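Note that this note's numbering gives residue 41 to position 48 of the sequence shown, counting from 1, and the numbers run on in steps of one. For every residue, glycine included, the Cβ atom is placed at its ideal position computed from N, Cα and C. Since the model is a prediction, treat every value here as computed from it, not as a measurement. Taking it in order: structure first as C-alpha cells, then the write-up.
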Amino acid sequence: MHTSEGSACGCSTGAEMAGAYAEHGYTGIIVTDHFFYGNTALDRRLPWSEWVNAFCRGYEHAKAEGAKRGLQVFFGWESCYDGTEFLIYGLDKAWLLAHPEIRDATVAEQFRLVHEGGGIVCHAHPYREASYISEIRLYPEYIDAVEGMNAANFGKGMKAEPPCLEYDNMAVAYAEKYHFPMTAGSDQHSTEMLFGGMVFDRKLKDIHDFVDAVMSREAVRMLDGSEERQV
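Listed below in C-alpha cells is the structure:
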C-alpha cells in the first residue's frame, strides 16, 4: 500500500492508512511507496540521504501508528521503469542509504543489487493496462515472484470499479508458466478499503519472514478484493 508522504498518488498519510487497516482486521501491512523514478511525492533534486529519509516517513508514520494498534508494519518499495513496476521486499532504509546506485540501476542491475542485499524482486501487476503504462513488458530472468492478484486492477480507466480479474488471470498464468511464487496485494492509495492481501496460518515476524514465506509458498489464501474469487 502507499502513503501520501511517499507517493504522489497517495491520498492518506501512513498513520491514516495503518489505522484503516487495523480497524478492518488486518494483522499487518507492507508500505511500498513509489520509488525514485516512479510516482514519488518527493523532490528528486534532494541529496540522496535527504531523499531516502523523506521517502521512509510514510512507512515510519504507519509503523508508529501500527505499534499503537497492534498492527504489524513492514517496509518495501515499488520501483518503476517507464510504467513497468517491481515490488522490492527484504531491504531497509539503512540499505538504501548505503546503496545510492539502486536509484539509476537497470532492471538487471536492480535484480543483482537486491539479491546481494538479501531481498527479492516481485513483478507488480504485470498485465495491468493504464494510461501510465506504455506497454506490457516481462522480465522473467530478473524477478523472484509475481504479484498474481491486485485489488486495485480497475481496468484501463483506473476507476473505482470491481477488480479486473482478466489482469490477475494473466498474471497467475505467467507465474505458473515460469514456476514463480505469487503475492497478492490491496495496492491501496487511500483508506477506502479494497480488501486484497495474503493469508498465512501463522503471524509473520518481520519482512524477512515475509520473504521466506513468499518463496516457500506458505500463503493459504490470496485475496483479490472481489467476493467472487477469494482463493
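State the DSSP-derived secondary structure class of residue i, mapped to helix, strand or coil.
i, result
"asparagine 146", "coil"
"arginine 214", "strand"
"histidine 54", "helix"
"glycine 63", "coil"
"methionine -6", "coil"
"methionine 186", "coil"
"phenylalanine 68", "strand"
"aspartate 75", "coil"
"valine 107", "helix"
Work out the CA separation of residue j and residue i for me, nearest whole Å.
i, j, result
"leucine 131", "valine 139", "10 angstroms"
"glutamate 98", "lysine 198", "A quick correction: the sequence has alanine, not glutamate, at residue 98. Going by the C-alpha atoms only, they are around 30 angstroms apart."
"leucine 65", "tyrosine 52", "In the sequence on display, residue 65 carries glutamine and not leucine. The straight-line gap from Cα to Cα measures roughly 11 angstroms."
"threonine 6", "phenylalanine 68", "15 angstroms"
"methionine 186", "glycine 18", "11 angstroms"
"glycine 3", "threonine 33", "9 angstroms"
"threonine 77", "valine 100", "10 angstroms"
"alanine 206", "arginine 195", "10 angstroms"
"methionine 151", "glutamate 16", "With a pLDDT of 47 at methionine 151, under the threshold of 50, the modelled position of that residue is not reliable, and the figure given next carries that caveat. Rounded to whole angstroms, methionine 151 to glutamate 16 spans 26 angstroms at the Cα level."
"alanine 13", "serine 209", "29 angstroms"
"alanine 47", "serine 127", "29 angstroms"
"glutamate 58", "histidine -5", "15 angstroms"
"tyrosine 171", "alanine 91", "33 angstroms"
Closest to residue i by C-alpha separation, out of the options, would be which residue?
i, options, result
"tyrosine 135", "Glu58, Gly3 and Ile81", "Ile81"
"threonine 25", "Ala164, Cys157 and Arg50", "Arg50"
"serine 72", "Glu169, Phe29 and His118", "Phe29"
"isoleucine 129", "Met163, Glu9, Cys157 and Glu169", "Met163"
"aspartate 75", "His27, Ser209 and His(-5)", "His27"
"histidine 54", "Arg37, Ala123 and Ser(-3)", "Ser(-3)"
"glycine 83", "His92, Trp70 and Pro93", "Trp70"
"lysine 56", "Trp88, Leu39, Thr20 and Arg37", "Thr20"
Quick one: measure Cβ to Cβ for residue i and residue j, integer angstroms, because I've assumed they're closer than 8 angstroms.
i, j, result
"histidine 116", "asparagine 146", "Not a contact, Cβ separation roughly 14 angstroms."
"tyrosine 160", "tyrosine 125", "Not quite, the Cβ-Cβ distance comes to about 15 angstroms (not below 8 angstroms), so this is no contact."
"alanine 11", "isoleucine 22", "7 angstroms"
"isoleucine 113", "leucine 106", "That belief does not hold up - the Cβ atoms of isoleucine 113 and leucine 106 are roughly 12 angstroms apart, past 8 angstroms."
For the 8 angstroms Cβ check, are there 3 or more pairs between the segment 182 to 195 and the segment 204 to 213? yes
Taking contact to mean 3 or more Cβ pairs, one atom from each stretch, closer than 8 angstroms, check whether the segment 170 to 183 and the segment 35 to 44 are in contact. no
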